[in-house]
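Visitor: Counting from 1, position 184 in the sequence shown corresponds to residue 184 in the UniProt record's numbering; the numbering is continuous, with no gaps. Here a beta-carbon is modelled for each residue, glycine too, at the ideal position from N, C-alpha and C. Please find one structure pasted underneath; my questions will follow.
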Amino acid sequence: MTVRVGVLGATGAVGQRLIQQIDPHPDFELAALTASSASAGKSYREAAKWRVDSPIPADVADTTVVSTDPDEVPDDVDLLFSSLPSSVGEDVEPAFVEAGYVMSSNSSNFRTDEDIPLTIPEVNADHLGLIEVQRDERGWDGALVKNPNCSTITMVPPLAALDEAFGLTDVRVSTLQAVSGAGYSGVTSMEIIDNAIPHIGGEEKKMETESRKLLGEFDGAEVHWNDAEVAASCNRIPTLDGHLENVWVDTAADVTVDEAAEALREYPSIDLPSSPEQLIEVFEDPDRPQPRLDRNQSNGMGIAVGGIQETADGLQFNCLAHNTIRGAAGASVLNGELLLEEGYL
Ligand SMILES: NC(=O)c1ccc[n+]([C@@H]2O[C@H](COP(=O)([O-])OP(=O)(O)OC[C@H]3O[C@@H](n4cnc5c(N)ncnc54)[C@H](OP(=O)(O)O)[C@@H]3O)[C@@H](O)[C@H]2O)c1
1 MTVRVGVLGA TGAVGQRLIQ QIDPHPDFEL AALTASSASA GKSYREAAKW
51 RVDSPIPADV ADTTVVSTDP DEVPDDVDLL FSSLPSSVGE DVEPAFVEAG
101 YVMSSNSSNF RTDEDIPLTI PEVNADHLGL IEVQRDERGW DGALVKNPNC
151 STITMVPPLA ALDEAFGLTD VRVSTLQAVS GAGYSGVTSM EIIDNAIPHI
201 GGEEKKMETE SRKLLGEFDG AEVHWNDAEV AASCNRIPTL DGHLENVWVD
251 TAADVTVDEA AEALREYPSI DLPSSPEQLI EVFEDPDRPQ PRLDRNQSNG
301 MGIAVGGIQE TADGLQFNCL AHNTIRGAAG ASVLNGELLL EEGYL
């Protein structure tokens with residue numbers, strides 16, 4: 001049976017990627033598109049400045065965008081994907097969930113709240129159990145699930161593989177992040193061409209907290225965050241898509257490059273439509289992965305790792321993922337697929 005879904009914030013950078021991921025999709029049928037009051041009442045073609053590298057699906061182009069209000073979304077829509085600015089999501093998302101909608105959200109609000117599942121299905125699908133806690137505590141009929149920030153999701157699958165095999169005690173990461181991560185109006189060409197910006201507001205804190213929650217243990221009632229120390233430094237560079245990250249980890253057990261590569265390659269994927277068969281691709285060539293060459297592997301859902309080297313207390317490596325697909329829209333759709341698989345829809 002096909003699930004009718006809606007996209008909140010459908011005209012934005014992530015909203016457009018969501019439409020690309022959902023139309024077509026084996027289990028989901030697009031049935032509602034929302035945006036700000038400035039877009040409401042317009043056809044999607046008029047409201048959205050389409051910038052994704054495939055045409056607007058014909059049925060979507062003629063759909064009328066509605067305002068982001070539970071009364072405007074048809075009752076037979078079962079699942080909502082949210083790509084609203086977090087300041088908007090903070091007020092609006094609970095209203096939809098209280099009205100009974102199940103929501104898979106990209107926005108950063110509530111990600112580290114104790115009763116909100118923050119999930120990467122291949123890493124911590126069991127954290128979805130927090131939905132029962134959330135329903136008990138908040139009296140919600142629906143459910144709210146979050147995917148992590150785009151730079152966090154790039155490094156966490158490799159960290160999960162290494163933590164499971166060797167134990168992580170300390171993680172340091174420096175990022176080279178694409179401009180699409182800031183949204184369409186985020187960074188102007190005058191700011192970023194011929195430049196690098198060594199600050200992305202709030203990003204370092206997100207990487208440091210969200211990664212420890214994702215790598216934590218769920219005991220049926222709460223998530224015990226991973227104890228590893230995580231420190232991040234975030235930089236914007238003039239690539240269009242694909243976040244590249246340099247990571248250093250200290251491990252509890254000794255580890256060689258070959259052992260690390262094997263643990264990364266063997267880290268399992270999950271059997272859901274958007275999940276890649278091979279979750280982590282390990283490159284031998286020291287100058288890979290690169291954003292332009294490697295961001296689209298596994299339809300933008302793969303995680304690429306390279307440059308693995310031993311250090312005094314562990315390892316260093318580089319990792320890369322497509323920030324608006326694996327880091328945003330694809331991550332939300334994958335969480336939607338998990339919600340369906342686990343019977344929440
Ligand atoms: N870009 C990434 O790589 C990335 C990765 C992970 C997470 N995220 C998160 O995803 C969310 C969306 O990011 P984005 O890059 O897609 O932003 P964006 O391009 O600025 O798009 C924002 C969307 O929200 C709508 N919106 C704005 N204000 C609204 C309001 N007051 N009420 C209802 N709708 C409103 C906009 O509609 P109008 O067109 O009508 O203004 C648009 O559809 C953010 O929370 C961001 O942090 C982004």
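For residue 189, count neighbouring C-beta atoms within 10 Å of its own C-beta (all shown protein chains included) and say buried if the count is 16 or more, exposed if not.
Guide: exposed
Visitor: Any heavy atom of ligand 1 within a distance shorter than 7 Å of the CB on residue 318?
Guide: no
Visitor: Going by beta-carbon coordinates alone, are residue 281 and residue 304 separated by less than 8 Å?
Guide: yes
Visitor: Could you pull the DSSP bridge partners for residue 234 from this structure?
Guide: Residue 234 is not bridged to any residue.
Visitor: I want to check one thing, is the minimum distance from the CB of residue 101 to the heavy atoms of ligand 1 below 7 Å?
Guide: Distance from the C-beta of residue 101 to the nearest heavy atom of ligand 1 is not below 7 Å.
Visitor: Whole angstroms is fine: what's the gap from residue 55's alpha carbon to residue 164's?
Guide: If I take the Cα positions, the gap works out to 42 Å.
Visitor: Can you tell me the Cα-Cα spacing of residue 175 and residue 247, whole angstroms?
Guide: Between residue 175 and residue 247, the alpha-carbon positions lie close to 9 Å from each other.
Visitor: Any chance the CB of residue 123 is under 7 Å from a heavy atom of ligand 1?
Guide: no
Visitor: Residue 146 by DSSP, collapsed to three states: which one?
Guide: It is a strand residue.
Visitor: Give me the Cα-Cα distance between residue 352 and residue 239, rounded to the nearest whole angstrom.
Guide: No answer is possible for residue 352: the residues shown for the chain start at 1 and end at 345.
Visitor: On a Cα-Cα basis, can you pick out the residue from 36, 146, 109 and 63 that is closest to residue 119?
Guide: 146
Visitor: Could you name the residues of the same chain whose beta carbon sits closer than 8 Å to that of residue 2, not counting the 5 residues immediately before and after it, in chain order?
Guide: 27, 28 and 29
Visitor: Taking 7 Å as the cut-off, is the beta-carbon of residue 84 closer than that to any non-hydrogen atom of ligand 1?
Guide: yes
Visitor: Measuring only from the beta carbon, is residue 150 closer than 7 Å to any heavy atom that is part of ligand 1?
Guide: yes
Visitor: Cβ of residue 330 versus every heavy atom of ligand 1: is any distance shorter than 7 Å?
Guide: no
Visitor: Does the stretch 286-306 come close enough to the stretch 320-333 to have 3 or more Cβ pairs within less than 8 Å?
Guide: yes
Visitor: Under 7 Å from any heavy atom of ligand 1, does the C-beta of residue 36 make it?
Guide: yes
Visitor: For residue 25, does the three-state DSSP call read helix, strand or coil?
Guide: Three-state DSSP puts residue 25 in coil, outside helix and strand.
Visitor: What are the start and end residues of the beta strand (DSSP E) that includes residue 172?
Guide: 168-176
Visitor: Cβ of residue 184 within 7 Å of any heavy atom in ligand 1?
Guide: yes
Visitor: So the candidates are 285, 314 and 191; which of them puts its Cα closest to the Cα of residue 251?
Guide: 314
Visitor: Short check: CB of residue 114 to CB of residue 245, under 8 Å?
Guide: no
Visitor: Spell out a yes or no on whether the stretch 92-102 and the stretch 15-23 are touching, meaning 3 or more CB-CB pairs, one atom from each, closer than 8 Å.
Guide: no
Visitor: Buried or exposed, going by whether 16 or more other CB atoms sit within 10 Å of the CB of residue 311?
Guide: exposed
Visitor: Exposed or buried, which one is residue 51 when buried takes at least 16 other CB atoms within 10 Å?
Guide: exposed
Visitor: Under 7 Å from any heavy atom of ligand 1, does the C-beta of residue 63 make it?
Guide: Every heavy atom of ligand 1 is 7 Å or more from the Cβ of residue 63, so no.
Visitor: Could you tell me if residue 72 is buried or exposed, where buried requires 16 or more neighbouring beta carbons within 10 angstroms of its beta carbon?
Guide: exposed
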